[in-house]
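Beneath this line is the structure, given in structure tokens, with notes to follow.
Protein chains: 2
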Amino acid sequence: MSKITIAIDAMGGDFGPEVIVPSVIDYLKANADTRIILVGDSFTIKPLIPNPQIHLVDVVHCDLSISMDAKPSQALRQKSPSSLHLIIDLLSKKEADAALSAGNTGALMAVSKQKLGMIEGITRPLICGVVPSVDGHSYLLDMGANVDCDAKQLLEFALIGTLVANALDGKVSPSVALLNNGEEEIKGNSQVKQAAELLTAHRHINYIGFIEGHNLYQAVADIIVCDGFVGNVALKASEGVANFILDIFNREFKNKPYLFPLFWILSKTMHSIGKQIDPRYLNGASFLGVNGVVVKSHGHADSLAFTQSIIYTKRMIESGIVEKLQHLSQYDE
Amino acid sequence: MSKITIAIDAMGGDFGPEVIVPSVIDYLKANADTRIILVGDSFTIKPLIPNPQIHLVDVVHCDLSISMDAKPSQALRQKSPSSLHLIIDLLSKKEADAALSAGNTGALMAVSKQKLGMIEGITRPLICGVVPSVDGHSYLLDMGANVDCDAKQLLEFALIGTLVANALDGKVSPSVALLNNGEEEIKGNSQVKQAAELLTAHRHINYIGFIEGHNLYQAVADIIVCDGFVGNVALKASEGVANFILDIFNREFKNKPYLFPLFWILSKTMHSIGKQIDPRYLNGASFLGVNGVVVKSHGHADSLAFTQSIIYTKRMIESGIVEKLQHLSQYDE
């Protein structure tokens with residue numbers, strides 16, 4: 027039986043091969059059951075692989091990479107493939123079981139949709155992320171692929187999320203909540219209120235009601251559904267405040283020399299905290315709805331975080347989520 | 027010349043008089059130039075005022091208070107006034123220069139609108155908050171009063187925010203940004219894209235473009251405009267992650283006894299951080315558009331935070347913002 031194979035874009039994200047190559051090597055040293063095809067500029071990649079591990083990874087050379095600010099339409103139009111195009115290509119030809127990139131999200135989504143096609147019955151692809159809490163996590167969808175959603179799209183997100191929680195975590199009847207500006211029934215904009223009615227009526231969805239922004243990090247529901255615009259802003263705002271807290275924390279230390287000896291101990295504590303809260307450690311957002319497993323790592327992932335995204339990608343493959351989503355229509359109300 | 031007078035609802039918020047009364051007394055001890063009328067159950071209020079300070083504050087008795095989960099329509103329908111009704115009443119009769127409550131936001135908004143009426147030219151009242159950053163702050167509007175906004179309403183928020191930054195901070199041409207799911211021009215839902223065109227074209231608005239959720243805490247613009255649904259979710263998500271970080275931090279200490287001696291020093295550091303980041307210390311959201319200064323304190327404000335909201339209310343009075351907003355129409359494009 028052939029190994030699980032992941033095609034990885036070595037050039038994506040803020041740091042490219044410098045972060046991704048060590049991450050891949052670390053992963054492979056611990057996981058001999060996975061094959062990784064690393065796509066990108068081999069002249070940059072190969073020197074980053076220590077000699078003893080050179081045999082562990084397959085490198086496919088590609089001259090081109092897509093910049094972080096290129097428009098999706100440029101990615102679709104370009105004639106020569108970039109590393110991002112090639113990993114999707116490998117997936118579409120079934121030479122890989124999944125594609126993983128830290129690169130341009132819009133381009134990755136556009137190319138995935140174009141080359142892999144949509145799973146029948148799913149209108150538009152979405153991005154599903156994992157939001158941490160002290161004792162668990164929630165799947166949040168959509169994280170930004172779809173804006174101006176109507177209630178029916180939110181219903182679709184709820185169904186897809188239900189299948190994800192079932193496939194990844196084995197949950198039989200995962201709870202679904204709608205992200206809202208209040209808990210009470212009267213709260214919400216027209217889209218969310220209509221979606222609440224659809225979710226309540228649907229017999230395959232365990233809808234538990236509205237949750238508010240501050241509940242995101244409390245795992246009060248297995249799945250949290252929202253419009254992509256709202257999801258994107260909420261998550262980025264959370265990221266922003268977490269960084270703000272850390273900036274102030276660091277500044278406090280600079281201003282208080284007597285705290286320096288504590289800094290070492292504190293940074294270990296902060297590191298431990300970071301493991302539990304930061305998107306780096308729950309790194310990996312999946313593109314759901316396209317006909318293949320595509321995972322997007324956070325653009326500024328460090329090596330540790332990128333390794334998490336490889337682990338997450340493997341779990342997505344093993345969950346059989348794409349095959350399960352192909353049966354989505356049997357869950358129609 | 028009579029003193030500035032603030033009518034305060036003693037019964038609002040999660041803690042009521044227990045937090046509000048000490049807060050008011052502390053404020054009055056430091057600010058002899060302000061008169062405070064404290065409205066609520068005098069049998070609960072008066073015992074909380076130390077004898078030497080009993081003369082500092084005027085207490086108006088009221089039997090009723092509105093619960094935190096009462097619907098705004100209930101507040102409008104009830105025959106006997108609650109403490110929340112009475113502070114707005116005092117403001118409408120000009121027996122106070124402002125009304126401040128930590129209570130039910132929806133009820134406060136409904137009663138304010140009903141008794142004070144709208145400033146001419148402003149379609150709907152909005153809630154304007156202050157978002158902190160390392161070196162400054164931004165005004166965020168709308169924080170939740172208006173959902174399903176159209177582009178014209180976002181334009182109105184931008185104009186109102188401009189007048190606020192001018193009145194409170196003396197800024198001549200304060201910068202305005204739209205909260206979006208990306209910086210690039212192509213990003214955004216239809217509402218935000220249309221609003222961008224209106225703001226760009228308006229000669230009295232210094233529109234600087236889109237900002238993303240993580241820019242909220244970086245004071246990249248003096249005023250940040252968004253739909254109330256999005257603003258509410260983004261701020262609550264930020265609150266949620268800040269609390270999540272603190273929860274994990276506390277848990278780390280419980281698990282590591284060798285850190286206990288550090289805890290005292292750390293809690294002072296955290297306190298100092300808290301002063302700079304937490305809504306408690308920039309506590310106070312103003313209801314703009316109604317014909318009077320109405321400020322809402324955060325429901326779970328402690329005494330220190332509530333004192334901040336009193337200070338903020340006084341600044342709002344001194345800024346003359348209501349009079350300035352009455353001239354909003356002269357800024358029409």
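Heads up: the sequence lines are chains A and B, in that order. The opening position of the first sequence corresponds to residue 27 in the numbering used here, with each subsequent residue numbered one higher. The opening position of the second sequence corresponds to residue 27 in the numbering used here, with each subsequent residue numbered one higher. Each residue gets a CB set at the ideal place from its N, CA and C atoms; glycine is no exception.
Cut-off 6 Å between Cβ atoms - residues of its own chain near residue i, not counting five sequence neighbours on either side
i       : result
Q220(B) : A177
D84(B)  : I63
N309(A) : S323, H324, A327, A331, Q334 and S335
R150(A) : N172
C252(B) : L205
D273(B) : none
I148(B) : G315
S127(A) : D35, G38, L110 and L134
K280(A) : none
Y243(A) : S159
Any chain A beta carbon closer than 9 Å to residue i
i       : result
R306(B) : Model confidence at R306(B) stands at a pLDDT of 45, short of 50, so the residue's coordinates are unreliable and nothing is read from them.
Q104(B) : no
E384(B) : Within the shown structure, residues of chain B are numbered from 27 to 359, placing residue 384(B) beyond reach of any answer.
S159(B) : yes
V50(B)  : no
G208(B) : yes
I274(B) : yes
Under the three-state DSSP convention, the category residue i falls into
i       : result
D115(B) : helix
P305(B) : Only weak support is given to the placement of P305(B): the predicted model assigns it a pLDDT of 49, under 50, and the value that follows is read from those uncertain coordinates. Looking at P305(B) - three-state DSSP - the assignment turns out to be helix.
E149(A) : Note that residue 149(A) is Thr in the sequence shown, not Glu. If DSSP states are grouped into helix, strand and coil, T149(A) belongs with coil.
A20(B)  : Outside the displayed range of chain B (27 to 359) lies residue 20(B), so it cannot be described from this structure.
H240(A) : helix
S108(B) : strand
M8(A)   : Missing from the structure shown is residue 8(A); chain A here goes from 27 to 359 and no further.
M144(A) : strand
S201(B) : strand
F41(B)  : coil
S323(A) : coil
N232(A) : strand
L82(A)  : coil
S335(B) : helix
D35(A)  : strand
G257(A) : helix
V160(A) : coil
A128(A) : coil
S312(B) : strand
P66(B)  : Checking the sequence shown, residue 66(B) turns out to be Gly, not Pro. Correct three-state label for G66(B): strand.
V246(B) : coil
D174(B) : coil
G346(B) : coil
I71(B)  : helix
Any chain B beta carbon closer than 9 Å to residue i
i       : result
I271(A) : yes
Q244(A) : yes
Q69(A)  : At residue 69(A) the sequence reads Phe, which differs from the Gln that was named. Not an interface residue.
R277(A) : yes
L205(A) : yes
N192(A) : no
N241(A) : yes
7 Å CB neighbourhood of residue i in its chain, flanking five on each side removed
i       : result
I343(B) : I30, D123, A124 and V319
Y357(B) : L185 and H230
Own chain, CB closer than 8 Å to residue i, minus 5 neighbours either side, in chain order
i       : result
I380(A) : Residue 380(A) is absent from the structure shown; chain A starts at 27 and stops at 359.
I347(B) : L189, V190, A193, L194, S312, L314 and V319
S108(A) : M37, C88, L90, S91, I92 and A101
P43(A)  : A36, M37, G66, D67, T70, I71 and L74
E210(A) : F236
K197(B) : A191 and D248
Test: residue i CB closer than 9 Å to a CB of chain E
i      : result
D67(B) : Structure shown: chain E not included; protein chains present are A and B.
task: Assess, as a yes-or-no matter, whether the stretch 108-121 of chain A is touched by the stretch 140-150 of chain A under the definition of 3 or more beta carbon pairs within less than 8 Å.
output: yes
- request: State whether the stretch 204-216 of chain B contacts the stretch 232-244 of chain B, with contact taken as three or more CB pairs (one from each stretch) at a distance under 8 Å.
  value: yes
- request: Pull out every residue of the stretch 167-182 of chain B whose Cβ sits closer than 8 Å to any Cβ of chain A, in chain order.
  value: Taken in chain order, the members of the stretch 167-182 of chain B whose beta-carbon sits within less than 8 Å of a beta-carbon on chain A are G170, V173 and D174.
message: Three Cβ pairs or more, each shorter than 8 Å: is that satisfied between the stretch 160-176 of chain B and the stretch 330-342 of chain B?
response: no
message: I want to know whether the stretch 255-265 of chain A touches the stretch 255-272 of chain B - three or more CB-CB distances under 8 Å.
response: yes
- request: Scan the stretch 246-271 of chain B for residues whose Cβ lies nearer than 9 Å to a Cβ of chain A and list them as they occur along the chain.
  value: C252, D253, G254, F255, V256, G257, N258, V259, A260, L261, K262, A263, S264, E265, G266, V267, A268, N269, F270 and I271
- request: Anything in the stretch 85-105 of chain B with a Cβ closer than 8 Å to a Cβ of chain A? List those residues in chain order, please.
  value: D95 and K97
query: Between the stretch 220-231 of chain B and the stretch 159-166 of chain B, do at least 3 Cβ pairs fall closer than 8 Å?
result: no
query: Between the stretch 211-223 of chain A and chain B, which residues of the former have CB atoms less than 9 Å from a CB of the latter, in chain order?
result: I212, K213, G214, N215, S216, Q217 and V218
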